[in-house]
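Enquirer:
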Amino acid sequence: MKRCLWCKQKAVIYMREHRLALCKECYPKWFLRVTERLIKEWHMIESHDKVLVAVSGGKDSLGLWFALTKLGYEADGLYLDLGISAGEYSTKSKHFALQLSERIQRPLHIVSVAEEVGRPVPDLAFASRREPCSACGTVKRYLFNKFALENGYTVIATGHNLDDEAATLMGNVLRWQLAYLARQAPVLPAKEDLVKRIKPFVRFTEKQVALFTILSGIPYIEQECPFSEGAASLFYKDLLNKIEERSPGTKWAFYSQFIEQLQPLLNEKFPEPELKPCSKCGMPTTAEICAFCRIQAIAYSG
Ligand code: AMP
Ligand code: FES
Ligand code: ZN
Numbered sequence: 001m002k003r004c005l006w007c008k009q010k011a012v013i014y015m016r017e018h019r020l021a022l023c024k025e026c027y028p029k030w031f032l033r034v035t036e037r038l039i040k041e042w043h044m045i046e047s048h049d050k051v052l053v054a055v056s057g058g059k060d061s062l063g064l065w066f067a068l069t070k071l072g073y074e075a076d077g078l079y080l081d082l083g084i085s086a087g088e089y090s091t092k093s094k095h096f097a098l099q100l101s102e103r104i105q106r107p108l109h110i111v112s113v114a115e116e117v118g119r120p121v122p123d124l125a126f127a128s129r130r131e132p133c134s135a136c137g138t139v140k141r142y143l144f145n146k147f148a149l150e151n152g153y154t155v156i157a158t159g160h161n162l163d164d165e166a167a168t169l170m171g172n173v174l175r176w177q178l179a180y181l182a183r184q185a186p187v188l189p190a191k192e193d194l195v196k197r198i199k200p201f202v203r204f205t206e207k208q209v210a211l212f213t214i215l216s217g218i219p220y221i222e223q224e225c226p227f228s229e230g231a232a233s234l235f236y237k238d239l240l241n242k243i244e245e246r247s248p249g250t251k252w253a254f255y256s257q258f259i260e261q262l263q264p265l266l267n268e269k270f271p272e273p274e275l276k277p278c279s280k281c282g283m284p285t286t287a288e289i290c291a292f293c294r295i296q297a298i299a300y301s302g
């Protein structure tokens, strides 16, 4: 058994890519230090910012909310009730989010998709004949932004980790989706009525985040969204883990080198089409009517 490099107690994790073994007391300290460094280096949060964490009840976003408050940021939570009743998914995940809110004494705002859109996510996917995850993603992004704007938040933080981001990158690279690649970044600056978005956990693998959340004594929903089954991203994550096993550090190199070297060039070459207010709701969009309003219209007519 390896010993902790910092204090020589029994290690709970050995990170081959860093050649670093740490114990259950030192690991959370290391984790918070790395998070803080990334937030500073990539200018994620400035001192005047009011931070809203999108909390799903899963290990990543609960861990993130906890980490940010530990680091001294006065971050509030936003839980979007998707209305997914299979396996009581939404009820259970909301319960975990409320539990952490109580523990850290920070408010958790709750917004219901059924109330905002007219139907819960499962019906929405059916009514709009889109992949559930694609309609759900549009609705989430829109409602996070709307809530932040209306309540004076200047930063929206999500729990995406390195496995999520590297898998998305792989999907985009395999099809050379240049316009998507141009906008895949851990920090999306504020623009018109779009609030700044950040992903402070992109430096960590899914396993590293899970260990931090578990060692912090935070219960979370382990169940995946019932619609995620068979998603291509799960396959890419698997492939990337196999590559990482062979060659530790590859996942971070793949992602970070893209962010540092290629993404800025693509962003310049493929500027986002000009945004104008949606003719129905007034939120910024590249189309006449925004994607959210189009989904909402179908939801009401279906
Ligand atoms: P996912 O798209 O499910 O992988 O989630 C990515 C991130 O989006 C999570 O880490 C959360 O920060 C946020 N998120 C996902 N679902 C919800 C939800 N129902 N309510 C609030 N935030 C969410
Ligand atoms: Fe939205 Fe699964 S369809 S979380
Ligand atoms: Zn609209």
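The numbering of the sequence shown is the working numbering, which starts it at 1 and goes up by one. Even glycine gets a Cβ: it sits at the ideal position worked out from N, Cα and C.
1) Is Leu82 a contact residue of the ligand AMP, with contact defined as CB to any heavy atom under 7 angstroms?
2) So does the segment 17 to 27 actually touch the segment 35 to 50, counting three or more Cβ pairs closer than 8 angstroms?
3) Taking 8 angstroms as the limit between beta carbons, can you name the residues of its chain near Lys94, skipping five residues before and five after?
4) When you get a sec, list the residues whose CB is within less than 5 angstroms of any heavy atom of the ligand ATP, chain order please.
5) Is Ile289 a contact residue of the ligand ZN, with contact defined as CB to any heavy atom under 7 angstroms?
6) In the DSSP assignment, find the alpha helix (DSSP H) that holds Ile139 and state where it starts and stops.
7) If I follow the unbroken alpha helix (DSSP H) through Val173, where does it start and stop?
8) Assuming the contact rule is C-beta atoms closer than 8 angstroms, Leu100 and Pro200 should be a hit. Round their C-beta distance to whole Å, please.
9) If you draw a straight line from the alpha carbon of Lys40 to that of Ser247, how long is it in whole angstroms?
10) Please report the straight-line C-alpha distance between Ser112 and Ala11, rounded to a whole angstrom.
11) Does Lys29 pass the burial test, meaning 16 or more other C-beta atoms within 10 Å, or should it be called exposed?
12) Taking its Cβ as the centre, do 16 or more other Cβ atoms sit within 10 Å of Leu143, making it buried, or is it exposed?
13) Would Cys293 pass as a contact of Lys280 if the rule is Cβ separation under 8 angstroms?
14) When you compare only the Cα positions, how much space is there between Pro122 and Ser90?
15) Please find out if some non-hydrogen atom of the ligand ZN comes closer than 7 angstroms to the beta-carbon of Lys146.
16) Let me know the beta strand (DSSP E) ranges lying completely inside the segment 181 to 257, each 3 residues or longer, listed in chain order.
17) Restricting to runs no shorter than 4 residues, where is the alpha helix (DSSP H) found entirely within the segment 13 to 63?
Expert: Here's the rundown:
1) As a first step, residue 82 must be located in the sequence shown, where it is residue number 82. Yes; taking the cut-off as 7 angstroms, the Cβ of Leu82 has a heavy atom of the ligand AMP nearer than that.
2) no
3) Here residue 94 refers to the residue found at position 94 when the sequence shown is read from its first residue. Same-chain partners within the cutoff: Gly57, Tyr79, Asp81, Ile110.
4) Ligands displayed in this structure: the ligand AMP, the ligand FES and the ligand ZN; the ligand ATP is not among them.
5) Locating residue 289 in the sequence shown gives position 289, counting from the first residue. Ile289 Cβ: within cutoff of the ligand ZN.
6) Reading the sequence shown from its first residue, position 139 is the one you call residue 139. Note on residue identity: the sequence assigns Val, not Ile, to residue 139. 132 to 150 is the span of the alpha helix (DSSP H), which, as asked, contains Val139.
7) Along the sequence shown, one-based indexing puts residue 173 at 173. Start and end: 162 to 174.
8) The residue you call residue 100 lines up with position 100 of the sequence shown. The residue you call residue 200 lines up with position 200 of the sequence shown. That pair is no contact at about 17 angstroms.
9) For this step, residue 40 is matched to residue 40 along the sequence shown. For this step, residue 247 is matched to residue 247 along the sequence shown. About 29 angstroms.
10) The count along the sequence shown starts at 1 and reaches residue 112 at position 112. The count along the sequence shown starts at 1 and reaches residue 11 at position 11. Rounded to whole angstroms, Ser112 to Ala11 spans 42 angstroms at the Cα level.
11) For this step, residue 29 is matched to residue 29 along the sequence shown. Exposed, since its Cβ has fewer than 16 Cβ neighbours within 10 Å.
12) Position 143 of the sequence shown, counted from the first residue, corresponds to residue 143. Buried is the call here.
13) The residue given as residue 293 occupies position 293 in the sequence shown. The residue given as residue 280 occupies position 280 in the sequence shown. Cβ atoms of Cys293 and Lys280: closer than 8 angstroms.
14) Start at 1 with the first residue of the sequence shown, and residue 122 comes out as number 122. Start at 1 with the first residue of the sequence shown, and residue 90 comes out as number 90. Looking at the two C-alpha atoms, the distance is approximately 11 angstroms.
15) For this step, residue 146 is matched to residue 146 along the sequence shown. No, since every heavy atom of the ligand ZN falls outside the 7 angstroms radius drawn around the Cβ of Lys146.
16) 196 to 198
17) 26 to 41
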